[in-house]
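Just so you know, the sequence shown maps onto residues 0 to 421 in numbering that gives the first Met the number 0. A short worksheet on the structure shown next.
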Amino acid sequence: MTSLIQEFGLCPARLLDPFAGVGTALLAGRDLHWQTLGVELLPIGPFVLSAWLAAEQVNLATLQLWTRKLASVCWSKYARKQFSFPHLRITRNAFPADTEQELAGFRAWLHKQQARGVIPQAVLQVIHLAALSVLEEVSYTRKDGQYLRWDWRSGRSRASRRFDKGPIPSFTEALTRKLHLILSDLQTWKYLRTSKSSPSAPEPKMITGSCLEVLPRLPSQSAELIFTSPPYCNRYDYTRTYGLELAWLGCTERDVKSLRQALLACTVESHEKDAKLRDFYNALQRLQDYDRIVNVFRRQTALQEVLELLEADRVAGRLNNNNIPRMVRNYFYETAFWVAECARIIRPGGYVLVVNDNVRYSGEEIPVDLICSDLAEQLGLKVEAIWTLPRGKGNSSQQMGRHGRVELRKCIYVWRKPAFPV
0 MTSLIQEFGL
10 CPARLLDPFA
20 GVGTALLAGR
30 DLHWQTLGVE
40 LLPIGPFVLS
50 AWLAAEQVNL
60 ATLQLWTRKL
70 ASVCWSKYAR
80 KQFSFPHLRI
90 TRNAFPADTE
100 QELAGFRAWL
110 HKQQARGVIP
120 QAVLQVIHLA
130 ALSVLEEVSY
140 TRKDGQYLRW
150 DWRSGRSRAS
160 RRFDKGPIPS
170 FTEALTRKLH
180 LILSDLQTWK
190 YLRTSKSSPS
200 APEPKMITGS
210 CLEVLPRLPS
220 QSAELIFTSP
230 PYCNRYDYTR
240 TYGLELAWLG
250 CTERDVKSLR
260 QALLACTVES
270 HEKDAKLRDF
280 YNALQRLQDY
290 DRIVNVFRRQ
300 TALQEVLELL
310 EADRVAGRLN
320 NNNIPRMVRN
330 YFYETAFWVA
340 ECARIIRPGG
350 YVLVVNDNVR
360 YSGEEIPVDL
370 ICSDLAEQLG
380 LKVEAIWTLP
390 RGKGNSSQQM
400 GRHGRVELRK
410 CIYVWRKPAF
420 PV
């Protein structure tokens, strides 16, 4: 992020990230004195960004004091049934029984401290962030691509080969280690920060919601740089891989289902958003824009060829999931909308930089970079370059076993809005 801004010699102005995640680009932009705004659907992102901004203001001596105190706490003594881990169906049996008690105790303690107001709020936010970040470590799960991978001890593993994470630390042990790491990082960060006598920039702002609904409401020509990395078209379901974190933050079964459908269509469970988007643009009195975007999508010949090939593979039974053609179609359909909004929001002469990967289904590489860049051209942006990493990424073991390994391009798209209409 920093290197790219310096590469283009851009002066600090307004930066937008439509898929902001935990706000990494926003913080990097802020440190270069940009005014930054992000959009993120999953509640994890705003939570982490808020905790990091609190960490920047935290008193290190106070945080160190509480790190020492918490290292000797017996969390299970605080456990109360109403503060048990709020499991979803996809997280049940995720923790050893002792860890369940520790987590319930920590949640009860945190609730009490938030109500009492004795511990500084910034310190509590950092402690809460540390707890969230060790959930996977103290569980029987591991994030593994599209889903959570389950240790055999959970009783949920369906894998043919038994997966064993090895020794699982106690919650107290993992939390203490994480807090020490955060303290070390903050000490280094604060030292580097104070050694630079540079003017401060506004705090990053993040809007919680889908960029498909947030971007159309942002003013035209309101950003000089858009830097983002959308979900890849790779079947990864972030509502499953981050199930523990979503449950911890209070998401219900209904919330998770809604988030899954609101995500950019990158999973086989994604439904079409055609009617919803049409109604949305109609409510904004922008139905002409909707029609224009849909027409651009329909005229993308390379994509239509890909969809025909995938449909033929589906009919022939060569796909491991029959919803893959629908997912790919919906992915690019929705991509056309957020790209169109980026073209509207960016100021003339401004850059749109996108990090994305190509993907492969049924042995066929889908040129995501070329399709997205053609959509961008048709929607008002100029493709200046598509940078690729010297070494690409591999494929799923299932595809490599059937079709062999093919290196796929990992790219940064460099799009620019012409200074004058073309």
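Cβ atoms here follow ideal geometry from the backbone N, Cα and C, with glycine treated the same way.
Beta-carbon proximity check, Val295 vs Ala335, cutoff 8 Å: yes
Can you list, in chain order, the residues of its chain whose CB lies under 8 Å from that of Met0, leaving out five sequence neighbours each side? Thr23, Ala24, Ala27, Gly28, Phe226
Quick one: what's got a C-beta closer than 7 Å to Pro168's C-beta in the same chain, skipping five residues either side? Glu136, Val137
Burial state of Pro215 (16 or more Cβ within 10 Å): buried
For Glu364, which beta-bridge partners are listed by DSSP? Arg359
For Asp312, collect the residues of the same chain with a Cβ closer than 6 Å to its Cβ; drop the 5 residues on either side in sequence, then sort them by chain order. Leu318, Ser361
Cut-off 7 Å between Cβ atoms - residues of its own chain near His270, not counting five sequence neighbours on either side: Gln260
By DSSP, does Thr266 sit in helix, in strand, or in coil? coil
Any heavy atom of the ligand ZN inside 7 Å of the beta-carbon of Gly144? No copy of the ligand ZN appears in this structure; indeed no ligand is present at all.
Would you call the CB atoms of Ala342 and Leu380 closer than 8 Å? yes
With distance defined between alpha-carbon atoms, name the residue in Leu147, Ala274, Lys189 nearest to Tyr235. Leu147
How big is the Cα-Cα spacing for Glu212 and Phe279? 8 Å
State the DSSP-derived secondary structure class of Phe226, mapped to helix, strand or coil. strand
Over what stretch of residues does the alpha helix (DSSP H) that includes Ile126 continue unbroken? 120-132
Would Gly144 be called buried (16 or more neighbouring beta carbons within 10 Å of its own) or exposed? exposed
For a test of the three-state rule: what should DSSP assign to Arg346, helix, strand or coil? strand
Per DSSP, Trp386 forms a beta bridge with which residues? Ile411
Please state whether the Cβ-Cβ distance between Thr140 and Ala70 is less than 8 Å. no
Continuous beta strand (DSSP E) assignments of at least 3 residues falling wholly in the segment 7-70: 13-16, 34-39
Alpha helix (DSSP H) segments (min. 4 residues) lying fully within the segment 250-313: 252-261, 273-282, 286-297
I need the straight-line Cα distance from Glu406 to Phe105, nearest angstrom please. 45 Å
Could you check the C-alpha separation between Gly156 and Ile89 for me, to the nearest Å? Looking at the sequence itself, residue 156 is Ser, so the reference to Gly does not match. About 12 Å.
Which residue's Cα is closest to the Cα of Thr238: Ser221, Val267, Phe331? Val267
Compare the Cα-Cα distances from Gln56 to each of Trp337, Phe170, Pro119 and report the closest residue. Pro119
Return yes when the Cβ of Val122 is within less than 8 Å of the Cβ of Leu62, no when it is not. yes
Reference Ala339; option with closest CA among Glu252, Leu217, Val72, Ser257: Leu217
Where Ile206 falls: helix, strand or coil (DSSP): strand
Tell me the DSSP secondary structure of Arg404 in three-state form. Per-residue confidence for Arg404 stands at a pLDDT of 47, beneath the threshold of 50, marking its modelled position as unreliable; the derived number appears in the next sentence. If DSSP states are grouped into helix, strand and coil, Arg404 belongs with coil.
If we ignore side chains and look at the alpha-carbon of each, how far apart do Trp337 and Arg415 end up? 15 Å
Measuring alpha carbon to alpha carbon, tell me which residue in Pro230, Arg346, Tyr332 is nearest Leu14. Arg346
Local Cβ density within 10 Å of Asp16, reported as buried at 16 or more and exposed below that: buried
Taking the DSSP output, what are the residues bridged to Thr140? Trp149
Which listed residue (His110, Lys256, Thr98, Tyr231) has its alpha carbon closest to that of Glu172: Thr98
Would you decide whether Gln100 is buried or exposed? Buried here means 16 or more other CB atoms lie within 10 Å of its CB. buried
Distance check for Lys409 and Lys275, CA to CA, integer angstroms please. 32 Å
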